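See structure below.
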Amino acid sequence: MTRPLLHFALALCAASFSAQAACAQDWAPRLLKGHSDWVYSVLFSPDGKYLASAGEDGVLLLRGWPDGEIKAKLSSSGAAITALAYTPDGAQLLAACGDGYLRFWAVGNLVPFRSVRPGRALRALAVSPDGSSVSAGGDDGKIYVLRISSDVPDAVLAPQQLSPVSGLAYTADGSLLLSTYYDGTVRAWSMRDKTLFKEFGRHVGPARAVRAAEGKAFSSGEDGNIMVWDLSTGALERTIKAHNAPIEAFSLSRSGRSIISGGWDGAIRFWSTTGIQAGVDFKTPESGIYSMSLSPDGSYLASSGPSTDIRVWKLSVSESPVDSLIHRLRKAGKRMLGAPAR
496 MTRPLLHFAL ALCAASFSAQ AACAQDWAPR LLKGHSDWVY SVLFSPDGKY
546 LASAGEDGVL LLRGWPDGEI KAKLSSSGAA ITALAYTPDG AQLLAACGDG
596 YLRFWAVGNL VPFRSVRPGR ALRALAVSPD GSSVSAGGDD GKIYVLRISS
646 DVPDAVLAPQ QLSPVSGLAY TADGSLLLST YYDGTVRAWS MRDKTLFKEF
696 GRHVGPARAV RAAEGKAFSS GEDGNIMVWD LSTGALERTI KAHNAPIEAF
746 SLSRSGRSII SGGWDGAIRF WSTTGIQAGV DFKTPESGIY SMSLSPDGSY
796 LASSGPSTDI RVWKLSVSES PVDSLIHRLR KAGKRMLGAP AR
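Here our numbering is used: the first residue of the sequence shown is 496, the next is one more, and so on.
Listed below in structure tokens is the structure:
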């Protein structure tokens with residue numbers, strides 16, 4: 496990047512994210528403690544009033560937000576908690592656990608009211624946009640789709656070649672369920688007839704996470720890439736070389752136009768979905784990022800990794816801070832870092 500563009504990017508950091516911050520190193524994250532082992536999942540509630548975290552210690556901490564005070568300390572009976580999900584109304588908090596159980600808590604009274612054991616060790620979890628179904632997958636390579644009130648799966652989704660499930664996400668209309676696997680594959684399943692809709696290409700090495708927005712599927716992998724796929728055709732539209740390390744977690748802005756990626760290099764980076772990097776890195780002392788969550792209003796970013804701590808950055812009080820920064824960098828003509836598919 497040329498020096499004028501460097502100066503421009505630094506100026507935009509201050510203008511777009513925080514009136515008090517001049518550049519990335521000024522954005523000191525808030526440190527939250529309370530876990531005794533690595534934290535695998537961190538998640539803001541749909542209304543932004545709670546921040547949940549869980550991990551290897553088998554403890555689920557529910558904090559009020561933005562005060563950060565622990566409201567509840569919930570137990571999974573000792574099993575590691577690998578993934579969290581809220582129902583869209585925020586009334587229930589679900590946890591996928593290493594002992595194969597899917598556990599449900601009522602957020603209102605913080606009472607564990609259900610547990611279901613659909614399969615072996617669970618690693619991925621997603622709730623449908625209408626809150627009617629939950630899908631969980633894990634080490635046996637199968638995805639279990641249950642009605643939110645049922646203990647018995649409605650369907651078990653399994654490809655011909657089984658590989659552990661690493662990530663799950665519904666499309667906004669709930670018609671498709673996206674999945675990633677340790678063998679690198681990315682798939683989309685039809686929720687109407689519970690069959691395979693599309694098998695995309697694959698990452699080099701395990702695929703780690705998946706998201707959907709604006710008719711696109713986004714997947715990340717241990718190859719350090721974020722791949723952008725056309726949902727209807729399955730074609731690879733773009734490969735963004737986001738990190739020189741595996742990417743286990745990434746988030747999309749509410750508009751679906753911006754990406755925040757977290758790598759095993761301990762860096763958090765900001766991108767447009769067309770591959771323009773904002774030129775801003777958040778650095779963590781950990782050797783990796785396991786989980787990230789963007790608050791519903793886009794003003795806070797929480798991350799966890801191979802430590803007992805959670806870090807929370809205040810991005811902005813303005814609307815869509817990430818989108819705003821990326822848009823202005825694009826207009827300035829910053830070079831494209833994401834290579835179009837050929």
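We put the CB at the ideal spot given by N, CA and C, even for glycine. It should be emphasised that the depicted structure is a prediction, and the values quoted were computed from it without experimental measurement.
Test item: CB-CB of M787 and I755 under 8 Å: Contact flag set, yes.
Beta-carbon spacing of I643, T582 below 8 Å: Annotated as proximal: I643 and T582, with beta-carbon spacing under 8 Å.
Local conformation of V776 per DSSP, three classes: As written in the sequence, residue 776 is Asp, which differs from the Val given in the question. DSSP places D776 in strand when its eight states are reduced to three.
Bridge partners - E694, DSSP secondary structure assignment: Beta-bridge pairing links E694 to R682.
Distance CB(L597)-CB(L579) smaller than 8 Å: No. Outside cutoff.
Rounded straight-line distance, which links the Cα of A586 to that of V807: Going by the C-alpha atoms only, they are around 23 Å apart.
Straight-line Cα distance separating K693 from V705: Distance between the alpha carbons of V705 and K693 is about 14 Å.
Any 3 or more C-beta pairs closer than 8 Å across the region 649–659 and the region 601–610: Taking a cut-off of 8 Å for Cβ pairs, the region 649–659 and the region 601–610 do not touch, as fewer than three such pairs fall below it.
Cα-Cα separation, K736 to L641: Computed Cα separation, rounded: 36 Å.
Residues that DSSP places opposite G626 in a beta bridge: According to DSSP, G626 bridges with nothing at all.
Identity of the residues DSSP links to A664 by a beta bridge: Paired residues: L673.
Enclosing beta strand (DSSP E) for Q587 [first to last residue]: Unbroken beta strand (DSSP E) run through Q587: 587–592.
Exposure of N739, with buried meaning 16 or more beta-carbon neighbours within 10 Å: When all chains shown are included, N739 counts as exposed.
Test item: CB-CB of G751 and A708 under 8 Å: Yes.
At least three beta-carbon pairs within less than 8 Å, the region 667–686 to the region 710–720: Because the criterion of three Cβ pairs below 8 Å is met, the region 667–686 and the region 710–720 touch.
L555 beta carbon less than 8 Å from that of S571: A contact, by the Cβ cut-off of 8 Å.
Boundaries (first-last residue) of the beta strand (DSSP E) holding W533: Looking at the DSSP string, W533 is not in any beta strand (DSSP E), and its letter there is neither H nor E.
Assumed close pair A621, A590 - CB separation to whole angstroms, cut-off 8 Å: With a Cβ gap of about 13 Å, A621 and A590 do not count as contacting.
Those residues which DSSP pairs with Y545 across a bridge: Bridge pairing for Y545: G559 [DSSP].
Three-state class that DSSP yields for V602 in the structure shown: Residue state, collapsed to three classes: coil.
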